[in-house]
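A.B. asks: Please find one structure pasted underneath; my questions will follow.
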Amino acid sequence: MEKRGHLEEGTARRTGPIILLGPPGAGKGTQAKRIVEEYGVPQISTGDLLRSHVKNATALGRLASEFMGRGDLVPDELLYDIVAERLRAPDCERGFVLDGFPRTAAQAGWLDAFLQHEFFENSRSPKCLPFVIRIDVDYNELWLRLTGRRTCPLCGRIYNIHLQPPRVDELCDIDGSQLVTRNDDRDEVIRERLLAYEQQTRPVAEYYEEKGRLVSVDGSLPVDQVARQIFQAIETHAGDRC
Ligand code: AMP
9 MEKRGHLEEG TARRTGPIIL LGPPGAGKGT QAKRIVEEYG VPQISTGDLL RSHVKNATAL
69 GRLASEFMGR GDLVPDELLY DIVAERLRAP DCERGFVLDG FPRTAAQAGW LDAFLQHEFF
129 ENSRSPKCLP FVIRIDVDYN ELWLRLTGRR TCPLCGRIYN IHLQPPRVDE LCDIDGSQLV
189 TRNDDRDEVI RERLLAYEQQ TRPVAEYYEE KGRLVSVDGS LPVDQVARQI FQAIETHAGD
249 RC
């Protein structure tokens, strides 16, 4: 039987707020899903939230799609309401894993202030500020990962045609759906996204590093080994503080 993590063993543990930081293609989405399986806390991906707004053609979706289509970051103030609304949901009380947020130093400051005001005052949630796990991967490896990335539109499973191909070309192993290339995984957009990371998201790491709330893991290792490093970091630095 598939290993489902600690929830089935009746020991639902707190992780507190965990942030996965790293360049596009570092494996934040994949590793966030591992944390979900292991600890039973929700994954919150601002990229997924925004893509769902774009798909549903909401006012936010229409605004955000211009930025996303170019590989630019969406302006900070467009993100705050959707992130706040999601974090207030009851399933975030034991903790949550943020993937793709914060991406600017301003977003990091906003998140600390939001958690301090809304969560700690109501004491309905983990009594700790976010702990950050940065997944480091070199540029050439990122390039291969991003240009080869394909996603199953039905189950969300992620493949890579260079590094982790499906059993049958371009078809999902699980449900046979035709795999798709995300619109922002085109070469010219990838270049912009990597640039946005260098220029705007690196300072986020510095923000948390200065506060002693960041560890780095080697994201070039196989997925299971990266996951082990991440669980170790959570056990050592995050869960017990909350
Ligand atoms: P992702 O799937 O996390 O790579 O996000 C896809 C796109 O959504 C990014 O290239 C940005 O345009 C936008 N986006 C996602 N999260 C954020 C964020 N925290 N701040 C600004 N833009 C974001």
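Counting in my numbering, the sequence shown runs from 9 upward without gaps.
Idealized CB from N, CA, C, for every residue including glycine.
(1) Tell me which same chain residues have a C-beta within less than 7 Å of the C-beta of G227, skipping the five on either side of it?
(2) So, at 8 Å on beta carbons, what are the nonlocal neighbours of S185 in its own chain, with the 5 sequence-adjacent residues on each side left out?
(3) Rounded to whole angstroms, how far is the Cβ of V259 from the Cβ of G103, which I believe are closer than 8 Å?
(4) Let's see if you can read the secondary structure: which residues bound the alpha helix (DSSP H) around R37?
(5) Measuring CB to CB, does T23 end up less than 8 Å from G108?
(6) For R201, verify whether its CB is less than 7 Å away from any heavy atom of the ligand AMP.
(7) For R111, verify whether its CB is less than 7 Å away from any heavy atom of the ligand AMP.
(8) Please classify R199 as buried or exposed, where buried requires at least 16 neighbouring CB atoms within 10 angstroms.
(9) Below 7 Å CB to CB, which residues in the same chain sit around A246 once its five sequence neighbours on both sides are set aside?
(10) Using the beta-carbon count (16 or more within 10 Å), is I238 buried or exposed?
(11) Return helix, strand or coil for R157, following the three-state DSSP convention.
(12) If you compare alpha carbons, which of L202, E243, D232 is closest to V223?
(13) Consider the C-beta atom of F104 and the heavy atoms of the ligand AMP; say whether any pair is separated by less than 7 Å.
C.D. replies: Taking the coordinates as given:
(1) G30, A34, G35, I143, D144, V145, V234
(2) C160, P161, L162, C163, L179
(3) In the structure displayed, the chain extends from 9 to 250; residue 259 sits before or after that span and is not available.
(4) In the sequence as displayed, the identity of residue 37 is Gly instead of Arg. That run of the alpha helix (DSSP H) goes 36 to 47.
(5) no
(6) yes
(7) yes
(8) exposed
(9) T23, G24, I26, F139
(10) buried
(11) strand
(12) E243
(13) no
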